[in-house]
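> Under my numbering, think of the first position of the sequence shown as 66, with each following residue one higher.
Beta carbons are placed, not taken as given, at the ideal position from N, Cα and C, and that holds for glycine.
Please read these numbers as outputs of a predicted model, since none were measured by experiment.
Take a look at the following structure, please.
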Amino acid sequence: MKQNLTLTNIRRPNSAKSETLTIENGLIKGWNLPSEGETIDGNGATVAPALLELHAHLREPGQEVKEDLASGLAAAAAGGYGTVVCMPNTSPVIDDPALVRSLIQKANGLGFARLRPSAALTKGQAGKQLAELSLLKEAGACMFTDDGRTNEDARVLRLGLEYAHSLGMVVSVHAEDASLRADGVMNEGPVSEALGLPGNPAAAEAARVARDLEIAALTGARLHIQHLSTARALDLVREAKSRGVPVTCEVCPHHLTLTDEALRGFDPIYKVAPPLRTQADADHLLQGLLDGSVDCLATDHAPHTRAEKEQDLLHAPSGIAYIELAFPLMYTRFGETLGLEKLLDLFTAGPARVMGWTVPTLEAGQPADLVLLDLETARKVEPQSFKSKAKFTPWAGEELRGWPTLTLVGGEVAYRR
Ligand SMILES: [Zn+2]
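Here is the structure:
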């Protein structure tokens, strides 16, 4: 039996009333009961279900110089996340049931966010031969994806979707046409032309999304489109949803808050895949959050070493790591536009619905995976204090509100400011 814990002086979202919440044996016992066991003063913070991250690169095994389970899951807990789905583009690729088991076991002992590994759809993520999906599911893989790579062979994706569907599993895709993207390092448009840099056209994403939507419709299988970045691709998803195609999609905060204009300084910190697009794209994606055509937010936390990211734009790897500040960033920039309830939905219930998981709530009997959010105090982003190994970020020095002060996972403290 775990110790009981009582959170005092906390508020439910959009409530001014100070309440207490008691946790027993890893579950929510109830509201405003007599205090039991250890007591933590929430100082008026807002309580919510812990955030769910469907897209993070934790780099273990093989790339621990960038990140590892301990640093990545500690960073996630500091960002208010209780559960993280890690991507399988590691070295070796996570396409082996034994590896899935060992990652889950290792993460369980760390005491940070929970790990739900995704596994490769194809062996070695080579896109040729399906991985042992059934055995990977048995081992604990929660989703199949070749993210980090694109699924160039449409027939292999079809077979993978059919197989995953028979197992009741979601397949997620990095939807870019590799041949159309070619060697583009940023969004193709006036800015790439002005800078003389090879562009990656919006059409590379839209064309691939169109193809994959057809395959989802053909198979009836659950397809999830990762890090949607263009207005055109979102329109295609919206249209497919209106026809009942079983598709969901995620948008990343960096595609909402940054544009290709950021590349004018030639700083590779802004190099991501898919690339930062135009303000019109960002505005359209925000509209998609509001009208429900975007299902959830995901960060695509993609840490690299500083040396790797300090190469020139043509050679630096793609990715931004900011799982620790995703909620404050979104709350500060779009809290008023979206409203707290919608914003929390996009970080919690939204991802759960994508995965077919129980939608987390604050009711008695639910797992005590909780976050306390300080919605009042503005604090500067300080990369040197990140738990992540990637101690640099485009938002360094920015004043944000909405910082997590406490993250509980199964009733245990996974992060406390
Ligand atoms: Zn990707």
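Based on DSSP bridge pairs, tell me the residues matched to Glu84.
Ile75
> Name the DSSP bridge partner or partners of Glu401?
None; Glu401 has no bridge partner.
> Looking at the structure shown, is Ser358 part of a helix, part of a strand, or coil, going by DSSP?
coil
> Whose CB is closer than 7 Å to a heavy atom of ligand 1? List the residues in chain order.
Asp212, Gly213, His239, Gln291, His292, Ala338, Asp365
> Contact criterion: CB-CB distance below 8 Å. Does Lys193 meet it with respect to chain D?
Protein chain content of the structure displayed is limited to a single chain, and chain D is not contained in it.
> For Asp439, report the span of its beta strand (DSSP E) as first-last.
For Asp439, the enclosing beta strand (DSSP E) begins and ends at 435 to 439.
> What first and last residue would you give for the alpha helix (DSSP H) that runs through Lys171?
162 to 173
> Tell me which same chain residues have a C-beta within less than 7 Å of the C-beta of Lys94, skipping the five on either side of it?
Thr87, Ile88, Ala429
> Could you tell me how far apart the beta carbons of Thr364 and Glu118 are, in whole angstroms, since I believe they sit closer than 8 Å?
6 Å
> Measure the alpha-carbon distance for Gln376 versus Asp242 and round it to whole angstroms.
Between the C-alpha atoms of Gln376 and Asp242 there is a straight-line separation of about 25 Å.
> When you compare only the Cα positions, how much space is there between Gly254 and Glu326?
10 Å
> State the beta-bridge partners of Trp468 as determined by DSSP.
Its beta-bridge partners are Asp439.
> Do you know offhand how far Thr458's Cα is from Ala204's?
Their Cα atoms are separated by approximately 35 Å.
> Assuming Leu427 and Pro182 are in contact, meaning their beta carbons sit under 8 Å apart, how far apart are those beta carbons, in whole angstroms?
Between Pro182 and Leu427 the Cβ distance is about 27 Å, and since that is not below 8 Å, they are no contact.
> Helix, strand or coil, according to DSSP, for Tyr387 in the structure here?
coil
> When burial is assigned at 16 or more other CB atoms within 10 Å of the CB, is Val424 buried or exposed?
exposed
> Grab the span of the beta strand (DSSP E) containing Glu315 for me, first residue to last.
312 to 316
> What is the rounded straight-line gap between the Cα of Ser244 and the Cα of Arg220?
17 Å
> Enumerate in chain order the residues of its own chain whose CB-to-CB distance from Ile280 is below 7 Å, with the five nearest sequence positions on each side excluded.
The answer, listed in chain order, is Ala219, Leu222, Arg223, Leu226.
> Please list the terminal residues of the continuous alpha helix (DSSP H) segment that includes Leu262.
Taken as a continuous stretch (DSSP letters only), Leu262 belongs to no alpha helix (DSSP H), as it is neither H nor E.
> Is the CB-CB distance between Gly147 and Asp434 below 8 Å?
yes
> Please classify Phe331: is it buried, with 16 or more other beta-carbons within 10 angstroms of its beta-carbon, or exposed?
exposed
> Please say whether Leu288 and Val236 have beta carbons closer to each other than 8 Å?
In this structure, Leu288 lies closer than 8 Å to Val236 by Cβ.
> Only counting runs of 3 or more residues, tell me where the beta strand (DSSP E) segments fall wholly within the stretch 243 to 326, in order along the chain.
288 to 290, 312 to 316
> Quick one: what's Phe331 bridged to in DSSP?
Partner(s): none; Phe331 has no beta bridge.
> Is the CB-CB distance between Pro469 and Val419 below 8 Å?
no
> Could you give the residue range of the alpha helix (DSSP H) that holds Lys202?
198 to 204
> Drop a sphere of 10 angstroms on the beta-carbon of Asp483, count the other beta-carbons inside from all chains shown, and report buried for 16 or more, exposed for fewer.
With the chain represented from 66 up to 482, any question about residue 483 goes unanswered, as that position is not in the structure.
> Are the Cβ atoms of Gly189 and Asp160 separated by less than 8 Å?
In contact: Gly189 and Asp160 (Cβ atoms closer than 8 Å).
> To the nearest angstrom, how far is the alpha carbon of Ala268 from that of Val150?
28 Å
> So what's His366 in DSSP terms, helix, strand or just coil?
strand
> Does DSSP put Phe392 in a helix, a strand or coil?
In the structure shown, the three-state DSSP call for Phe392 is helix.
> So, does the stretch 379 to 398 touch the stretch 444 to 462, judging by three or more C-beta pairs under 8 Å?
With the cut-off at 8 Å, the stretch 379 to 398 and the stretch 444 to 462 touch.
> Going by DSSP in three states, His120 sits in which element: helix, strand or coil?
strand
> What does Ser237 pair with, by DSSP beta-bridge criteria?
Thr210, His289
> With DSSP run on the structure shown, which of helix, strand or coil describes Arg418?
helix
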